[in-house]
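Visitor: 27 is the number of the first residue of the sequence shown in our numbering; add one for each residue after it.
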Amino acid sequence: MNPEETKEFEQKIHAFVGRENGPPKKGKDAVNEPMIRQWAEVMGDESPVYTDKETAKNTTKGGIIAPPSMLQAWSMEGYPMAGSPAVDVQRSLHNVFDENGFTGVLGTNTSTEFFRDLKPGDEVTYHTVIESISEQKSTARGIGYFIETVTQFTDQNGERVGKQVFRVLKFIPADAPAEASSVADDSPAVPTRIAAPRGHDNGWWWEAADKGKVLIQRCKSCQTLRHPPRPMCGECQSVEWDSIESTLDGEIFSFTVLHYPKVPGYDYPLCCAVISLAEGTRIVANVVGIDTEEVKIGMKVKGKVEQVDEKTMLPQFYPVAGGQ
Ligand SMILES: [Zn+2]
């Protein structure tokens, strides 16, 4: 988009701010004991204040209450919510984004406040408003805008019982295919693999892979190695760790050969193996450079970090000549 188109687009989206996503709506069912009981069972929450009338009566609650986090359950529309898009303002807003290339959507955060306990018989009405749309932001996912909606929950007397803020990022996916006009010929672009999410706990591993190294996390307190990366040592619960570099000498512990379905970005048949590394941990990786019919459990392999598509570096394992 050029600056003028951006301005026009932003006028369009900002016109949605303050609009209600339809009129206030009443939940399909009043707060009721069967739904509370089922929810408590599914969640494994055995607090008697949700299910045991006699016990609940003698608590400070004075009787059965609904678990606070069920608030949204009283307002969900169920399967029919897929219908009536015409009255759904939020969907219209998302459509404006989609039409302008902001096809990605990511729920970034939500927060809920509870003002009072709900009891059987209470009737919940909810009302959602598009609260704000941010300025254009440059994020790791791509350029986009944060949309914040606020839902107010009230009871049969109009008293507020809760409030939920929900924020999503609508963005142009950073790995979106180039626009048709910029593609030189008619051949479709080579599809890339789905990039692994890189978070606080595993981003460092992928960054090392980008540099051609496979690291294995090591507990600083008891030296136990672990893979894949995770925040805490399973042996001693320490969260202090460092890492060692793997030699990528390994042995096939187990494997499978995929023929179908063919996920874009891979060559088939595809051998996926669990490999026991010389250091003692295991890693899941592809075995390449060999007819998949020849792959055997116990086979010695050697890994090499290679570029497997335009953006991804991954260890791939090759049979060691004569190393069965
Ligand atoms: Zn440890």
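Even glycine gets a Cβ: it sits at the ideal position worked out from N, Cα and C.
What are the start and end residues of the alpha helix (DSSP H) that includes residue 90?
Guide: Residue 90 -> no alpha helix (DSSP H), and no H or E assigned at all.
Visitor: Evaluate residue 69 with the Cβ neighbour count: other Cβ atoms within 10 Å of its Cβ, from every protein chain shown; 16 or more gives buried, anything less gives exposed.
Guide: Result: exposed.
Visitor: What are the partner residues of residue 168, as DSSP defines its beta bridges?
Guide: Its beta-bridge partners are 165.
Visitor: If you draw a straight line from the C-alpha of residue 286 to the C-alpha of residue 330, how long is it?
Guide: Each residue's alpha carbon lies about 26 Å from the other.
Visitor: Would you report the Cα separation of residue 65 and residue 222, rounded to the nearest angstrom?
Guide: One C-alpha to the other measures close to 33 Å.
Visitor: Among residues of its own chain, excluding the 5 on either side of residue 268, which ones have a beta-carbon nearer than 7 Å to its beta-carbon?
Guide: Closer than 7 Å at the Cβ level, and outside the excluded window around residue 268, lie 244 and 246.
Visitor: Quick one: which unbroken alpha helix (DSSP H) runs of 4-plus residues sit fully inside the stretch 213–262? Chain order, please.
Guide: Listed in chain order, they are 229–236.
Visitor: Whose C-alpha, out of 172, 275 and 36, is nearest the C-alpha of residue 343?
Guide: Answer by Cα proximity: 275.
Visitor: May I ask whether a heavy atom of ligand 1 can be found less than 7 Å away from the beta carbon of residue 262?
Guide: Indeed, a heavy atom of ligand 1 lies less than 7 Å from the Cβ.
Visitor: For residue 309, which beta-bridge partners are listed by DSSP?
Guide: Looking at the DSSP assignment, residue 309 forms a beta bridge with 301.
Visitor: With residue 333 as the anchor, note down where its beta strand (DSSP E) starts and where it stops.
Guide: Its beta strand (DSSP E) spans residues 326–333.
Visitor: Between the alpha carbons of residue 46 and residue 175, how many angstroms are there, rounded?
Guide: If I take the Cα positions, the gap works out to 9 Å.
Visitor: Are the beta-carbon atoms belonging to residue 101 and residue 192 less than 8 Å from one another?
Guide: Their beta carbons are not under 8 Å apart, which means residue 101 does not touch residue 192 by this criterion.
Visitor: Assign residue 72 to one of three DSSP states: helix, strand, or coil.
Guide: The answer is coil: DSSP assigns residue 72 none of H, G, I, E or B.
Visitor: Which residue marks the beginning of the alpha helix (DSSP H) containing residue 118, and which one marks its end?
Guide: Per DSSP, residue 118 belongs to the alpha helix (DSSP H) from 115–125.
Visitor: Per the contact definition of three or more C-beta pairs closer than 8 Å, is the stretch 312–326 in contact with the stretch 245–261?
Guide: No, the stretch 245–261 does not touch the stretch 312–326.
Visitor: What I want to know is whether the C-beta of residue 408 ends up closer than 7 Å to one or more non-hydrogen atoms of ligand 1.
Guide: Beyond the ends of the chain as shown, which are 27 and 350, falls residue 408; an answer cannot be given.
Visitor: Could you name the residues of the same chain whose beta carbon sits closer than 8 Å to that of residue 36, not counting the 5 residues immediately before and after it, in chain order?
Guide: Excluding residues within five positions, the ones whose Cβ falls inside 8 Å are 162.
Visitor: Whose C-alpha, out of 88, 106, 104 and 76, is nearest the C-alpha of residue 94?
Guide: Of the listed residues, the one whose Cα sits closest to residue 94 is 76.
Visitor: Thinking C-alpha only, which one of 303, 298, 55 and 219 is nearest residue 313?
Guide: Closest option to residue 313, Cα to Cα, is 298.
Visitor: Please classify residue 111: does DSSP put it in a helix, a strand, or coil?
Guide: Residue confidence for residue 111 is low, a pLDDT of 49 falling below 50, so the modelled location carries little weight; the figure read from the coordinates is stated next. In the structure shown, residue 111 sits in a helix (DSSP, three-state: H, G or I).
Visitor: Distance check for residue 73 and residue 322, CA to CA, integer angstroms please.
Guide: Going by the C-alpha atoms only, they are around 52 Å apart.
Visitor: Closest to residue 115 by CA distance: which of 86, 40, 140 and 105 is it?
Guide: Among 86, 40, 140 and 105, the Cα nearest to that of residue 115 belongs to 40.
Visitor: Starting from the C-beta of residue 148, find all residues in its chain whose C-beta is less than 6 Å away, skip the five residues before and the five after it, and write them out in chain order.
Guide: For residue 148, where only same-chain residues beyond five positions count, the Cβ hits under 6 Å are 57 and 181.
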